[in-house]
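In our numbering, the protein residues as written are 184 to 259. Here a beta-carbon is modelled for each residue, glycine too, at the ideal position from N, C-alpha and C. The structure under discussion appears below in the form of structure tokens.
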């Protein structure tokens with residue numbers, strides 16, 4: 184249950200938590216492996232639920248045509 188001070192928001196938050204059509208849970212380690220497999224670095228946990236941030240190192244950036252294919256592969 185949400186602890187928002189507004190009862191309407193509490194109800195909406197709680198409904199959102201229990202009603203998603205698709206839902207999956209993952210550990211930080213699992214998500215970090217996905218990011219590392221896509222060549223991202225400087226990974227860190229952000230103080231928000233379900234947020235992982237990373238960046239691709241400059242020296243590993245492929246040519247533009249390759250980059251599109253790599254992004255599609257990582258987005259699957």
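Going by CA-CA distance only, name the one from 187, 191, 219 and 215 that's closest to residue 143.
The question about residue 143 has no answer here: the residues shown for the chain are numbered 184 through 259.
Alpha carbon of residue 222 to alpha carbon of residue 188, nearest angstrom:
42 Å
Measuring alpha carbon to alpha carbon, tell me which residue in 207, 204 and 186 is nearest residue 197.
186
State yes or no: is the C-beta of residue 224 within less than 8 Å of the C-beta of residue 238?
yes
Please report the straight-line C-alpha distance between residue 199 and residue 240, rounded to a whole angstrom.
Rounded to the nearest angstrom, the two C-alpha atoms are 36 Å apart.
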